[in-house]
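All letters in the sequence shown, in the order written, are residues 1 to 73 by the UniProt record's numbering.
C-beta: ideal position from N, C-alpha, C; glycine also.
Here the structure is a predicted model, which means the values were calculated and not measured.
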Amino acid sequence: MASAWSKADEREQRMDEKVNKVLDEVMKLNGISPSEALEVATILIAEEHKLCIFYQAPTNMKKQYAINLLKMK
């Protein structure tokens with residue numbers, strides 16, 4: 001039972017770290033408000049393929065990608 005709790009704690013910690021990393025990256029984009037950053041981060045976390053695209057995109061394309069995600073929601 002303790003092992004199951006430990007694994008659940010590890011998964012939760014990894015998810016927290018992932019969310020923080022994504023949110024930090026989105027907050028770096030000029031012109032994206034905090035509420036928009038939360039929306040974009042939520043979309044990216046929920047849809048792994050979009051997160052991969054976001055991370056692979058050059059910096060100058062990330063803002064436009066984030067804006068496009070907000071328009072599609």
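- One thing to note: residue 19 has its Cβ no nearer than 8 Å to the Cβ of residue 40.
- For residue 66, the uninterrupted alpha helix (DSSP H) segment begins and ends at 59 to 72.
- Rounded to the nearest angstrom, the gap between the Cα atoms of residue 15 and residue 28 is 20 Å.
- Judged by DSSP in its simplified three-state form, residue 30 adopts coil rather than helix or strand.
- Around residue 69, the same chain offers 40 and 43 as residues with beta carbons nearer than 6 Å, after the five sequence neighbours per side are excluded.
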